[in-house]
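Protein chains in written order, with this note's numbering: chain H, 2 to 331; chain P, 76 to 507.
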C-alpha cells in the first residue's frame with residue numbers, strides 16, 4: 002500500500018517510526034521543538050515525545066553536534082538537525098574528527114550511531130553563504146556515510162536505514178523540495194545504502210544525478226524524447242557513500258553515453274567521480290567523452306535571474322545529452 | 076621506424092651506426108634494426124645532417140614512429156612532439172611502396188608475410204591513425220568491420236556509433252570486402268581473404284542448411300590455420316608387410332584378453348616415439364615463443380556426424396601398444412557419443428589423422444593450431460614394386476606430414492618421417 006505524501010511528511014514519518022520503535026532515538030537541533038522546526042520537519046513532535054526526546058539546542062553547532070557524538074558513543078541514537086547544511090561548517094570538527102573516526106580509533110569497540118540531517122543545496126534565493134551542496138565534501142571522508150534522497154519515498158526509506166545504521170550518516174535533504182508530493186510506501190520501506198535507483202529507463206544516453214538534479218534530468222529526458230526522439234535513462238544515485246558503481250556501469254554498457262549532473266561546482270565533484278568510474282569500468286562501451294553539468298564557478302548569487310544561471314538547467318542537461326549523442330545543440 | 080614486412084608492428088633499435096651531428100647521404104646505414112624476423116641496417120632516406128637521434132638503443136619503436144631527424148639544407152629541427160607526428164605522416168604517405176621495398180629486402184620471407192597483409196593494415200588503421208570512439212572499435216572488432224571504410228561524422232571526423240550502425244545496415248564495411256579495390260592485386264592473389272560468399276543460386280533441388288556451431292568453430296580455426304600458419308608438407312611411403320604380419324600374430328595371441336590392435340595404434344605409437352629426437356615437431360606456437368614439450372600428448376582426429384574432434388592420448392610415447400589401443404578405442408567411442416570432457420580433447424601437442432579406412436591413397440591435413448605438426452595416415456594399398464629386378468607385391472601406406480615452417484623446416488620434417496617409416500618397417504622396436 003502506498004499513499005501520497007510530501008517530502009516533509011515522509012521524512013517526519015520515518016523519524017516517528019524509529020522513535021516509536023527505539024527509545025534511544027532522540028532529535029536535537031535549533032528550534033526543532035517548541036517552534037516546530039524552521040522547515041516544520043519536526044512540527045508537533047515535542048508534544049508527542051516531550052523535551053527529553055525532542056531537544057531544543059542553543060545556537061552552537063559545534064557544541065550540540067559534539068554532544069550528539071558523545072550520546073551516540075554512549076548508545077543513544079541522536080538525529081541532529083542542521084537548520085541548513087551551511088551551518089555544518091561550524092560542526093565539521095566534530096563530524097569529521099570525531100563522528101567519522103571514533104569507531105576506527107577504538108578498533109570497533111565504540112560506535113557512533115548518529116544522523117546529521119538538514120536541507121542541502123540551493124535554488125531558493127538564500128545567497129552565497131546559505132547555498133552549498135556538500136555531498137562531495139562529506140563524501141570525501143572515510144567513516145561517514147552520505148545520502149541525498151529526492152523522492153518522498155526515498156527520504157523515508159533512507160532515513161529509516163540511516164537511524165538504524167551504526168555509523169554517522171550525513172543525510173542531505175533536498176531543501177527546495179520539502180513541499181513536493183509523491184507516493185510513499187506504508188510501513189517499513191527501509192532502503193539499503195549504496196543502491197541507486199533507475200528513475201527512468203532509456204536506451205540512448207544515461208543521465209546520472211542525485212538530489213534535486215534528478216528531477217531536472219527527468220524533465221530533460223522528457224524534452225529529449227519529445228523533441229529529439231532520444232530515450233534517456235535517468236539514474237538517481239541516492240547514496241553518495243557507499244556508491245553504487247554497478248548500476249551506472251550496466252546502464253552505460255547499454256547506452257554508450259553518459260552525462261553526470263550535479264548542483265555543486267564542477268571541480269572535485271561527484272560528477273567527476275562518476276565520470277572516472279565509467280571510464281574505468283565501461284571504457285570500451287563509450288561512444289563519446291562523458292559530459293559533466295555543474296554549477297557555475299561562482300559563489301551562489303542572490304538575484305533570481307543570476308541564481309538560475311548559476312545552477313544546472315534543463316536546457317544544459319538536454320544539450321549535454323545531445324553533445325554525447327553527436328546531435329545539434331538547441 | 077620503417078615497416079620491414081607486413082607482420083611487423085615494431086622494431087628494436089639495436090645500435091646507432093652514426094652519431095648525432097654526422098653528415099649522412101641517402102643510402103648510408105645509420106642504425107641497426109631488429110625485427111622479430113631479421114636484423115638489418117637502416118638506410119638514411121635522405122641526405123643531410125643527422126640532427127637528432129630520437130630513439131635510444133635497445134628501445135622498441137612502433138612502425139611509423141620517428142627514430143631520428145635528418146636535417147636538410149634550410150630545414151629546422153622541429154619540436155619533439157611535432158616531429159614524431161611529421162615523421163609518422165611521411166611514412167604513411169609513402170604507404171605501400173615503402174613497405175614493398177622493405178619486403179623485397181627480406182625476399183625469402185615475403186610470400187608467407189603477405190598472408191597477413193590486409194589484416195595488419197586494418198588493425199593498423201584501427202590503432203589510432205584515425206579517430207573512433209571505444210564502442211566503435213569494439214563493434215568493429217566484434218563484427219569484423221574495416222573502419223577505414225566508414226566516414227566519421229563526429230568532431231574532427233571521429234567515427235561514432237551511429238556511423239558504424241549505419242554502415243552495418245548498409246553492409247558495406249566488412250573487412251573482407253575491401254580486398255579487391257584497395258590493395259595490391261598480387262597480394263590478394265598470394266593470400267586470398269575469405270571472399271564474401273555469393274548469393275544462393277536458388278536452383279531447383281537445392282536447400283540451404285546452416286553450419287552447426289561445431290562446424291563454424293572448425294571452419295574458423297582451420298581458416299586461421301591455413302591463412303596464418305605456413306604449412307610445408309612431406310610424404311613418405313611405408314612398407315607395411317612386416318607390421319601387418321606382426322599385428323596378425325599379436326592379435327591372435329591377445330584375442331583371449333580381448334585386445335585387438337589396429338594399424339593406427341602402431342602408427343600413433345611410432346609417431347609418438349619418433350618425436351623424441353624431433354622436439355620442434357612436438358611443440359606449440361605461443362605468444363611468448365615456441366613451447367617445446369617433452370611429453371607427447373597425442374591428439375587423434377575422430378570424425379563425427381556433426382564435425383570432428385581430437386581427443387588426446389596423454390604421454391603416448393611411453394604407453395604400450397595395448398594401452399594406446401585401449402585409450403584410442405575408449406576416446407573414439409565416447410567422442411562419438413558426445414561424452415568427452417574438455418580436458419580430454421584439449422592440450423594435445425601433436426596430431427595424427429587417419430583416413431586409412433576410407434581407401435584414400437594420400438591426403439594432407441591442416442595443422443591444428445597452436446600445434447606444430449600433424450600426420451595424415453592413408454590407406455594400405457597393395458602395389459607391385461621392383462625388388463632386385465623382380466616384381467613383388469607389397470603393402471604400402473603413405474604418411475604425409477604437415478608442419479609449421481615457423482617452427483620447423485623441411486629437412487627436419489623429412490628426417491622425422493624417415494624415423495617413423497623406420498619404426499613402422501621394423502615394428503618389433505615398438506614392442507620394447
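Every residue, glycine too, gets a C-beta built ideally from N, C-alpha and C.
These numbers come from a predicted model, not from an experiment.
Query: Min CB distance residue 210 of chain P to chain H below 8 Å; Result: yes
Query: Proximal residues, the region 235–250 of chain P versus chain C, C-beta separation under 8 Å; Result: Absence of chain C from the displayed structure is noted, the protein chains being H and P.
Query: Residues, ordered as in the chain, of the region 277–309 of chain H that lie near chain P by beta-carbon distance below 7 Å; Result: 284, 285, 286, 287, 288 and 289
Query: Distance CB(residue 115 of chain H)-CB(residue 31 of chain H) smaller than 8 Å; Result: no
Query: Span of the alpha helix (DSSP H) around residue 79 of chain H; Result: It is not in any alpha helix (DSSP H) - residue 79 of chain H instead sits in the beta strand (DSSP E) that spans 78–82.
Query: Short CB-CB distance (under 8 Å) between residue 229 of chain P and chain H; Result: yes
Query: Cβ-based contacts, 8 Å cut-off: residues of the region 4–27 of chain H near chain P; Result: none
Query: The region 321–339 of chain P contacting the region 416–423 of chain P, beta-carbon criterion three pairs below 8 Å; Result: no
Query: Under the three-state DSSP convention, the category residue 150 of chain P falls into; Result: coil
Query: Partners in chain P for residue 257 of chain H, counting only beta-carbon separations shorter than 7 Å; Result: 210 and 236
Query: Unbroken beta strand (DSSP E) run spanning residue 287 of chain P, endpoints; Result: Per DSSP, residue 287 of chain P belongs to no beta strand (DSSP E) and is neither H nor E.
Query: Residues sharing a beta bridge with residue 169 of chain H, DSSP; Result: H:145
Query: Within 9 Å of chain H by C-beta, residues of the region 307–323 of chain P in sequence order; Result: none
Query: Outcome for residue 269 of chain H when other beta-carbon atoms lying within 10 angstroms are tallied against a minimum of 16; Result: exposed
Query: Integer-rounded CB distance, given that residue 85 of chain P should sit under 8 Å from residue 135 of chain P; Result: 5 Å
Query: Residue 30 of chain H, DSSP secondary structure in three states; Result: strand
Query: 8 Å Cβ cutoff met for residue 162 of chain H and residue 193 of chain H; Result: yes
Query: is_contact[residue 389 of chain P, chain H] using C-beta, thresh 8 Å; Result: no
Query: CB of residue 375 of chain P within 8 Å of CB of residue 365 of chain P, strictly; Result: no
Query: Contact with chain H by residue 481 of chain P, beta-carbon distance below 8 Å; Result: no
Query: Residue 312 of chain H - DSSP class collapsed to helix/strand/coil; Result: coil
Query: Residue 305 of chain P versus P:79, P:447, P:346 and P:152, residue with shortest Cα-Cα distance; Result: P:447
Query: Of the listed residues H:68, H:164 and H:253, nearest to residue 26 of chain H (C-alpha basis); Result: H:164
Query: Contact list for the region 41–65 of chain H against chain P, Cβ threshold 7 Å; Result: none
Query: Three-state secondary structure (DSSP) of residue 57 of chain H; Result: strand
Query: Residue from P:438, P:442 and P:340 with nearest C-alpha to residue 453 of chain P; Result: P:438
Query: Residue 47 of chain P classed as buried or exposed, judged by whether at least 16 other C-beta atoms fall within 10 angstroms; Result: Chain P is shown only over 76 to 507; residue 47 of chain P falls outside these bounds and no answer can be derived.
Query: Contact with chain P by residue 36 of chain H, beta-carbon distance below 8 Å; Result: no
Query: Contact list for residue 213 of chain P against chain H, beta-carbon separation under 9 Å; Result: 285 and 286
Query: Rounded C-alpha distance that separates residue 101 of chain P from residue 108 of chain P; Result: 17 Å
Query: Span separating the alpha-carbon of residue 35 of chain H from that of residue 55 of chain H; Result: 9 Å
Query: Chain P within 8 Å of residue 105 of chain H, Cβ atoms only; Result: no
Query: Residues that DSSP places opposite residue 201 of chain H in a beta bridge; Result: H:235
Query: Contact belief for residue 111 of chain H with residue 74 of chain H at Cβ below 8 Å, rounded distance in angstroms; Result: 5 Å
Query: Where residue 137 of chain H sits in the DSSP three-state scheme; Result: helix
Query: Within-8 Å CB hit, residue 327 of chain H to chain P; Result: yes
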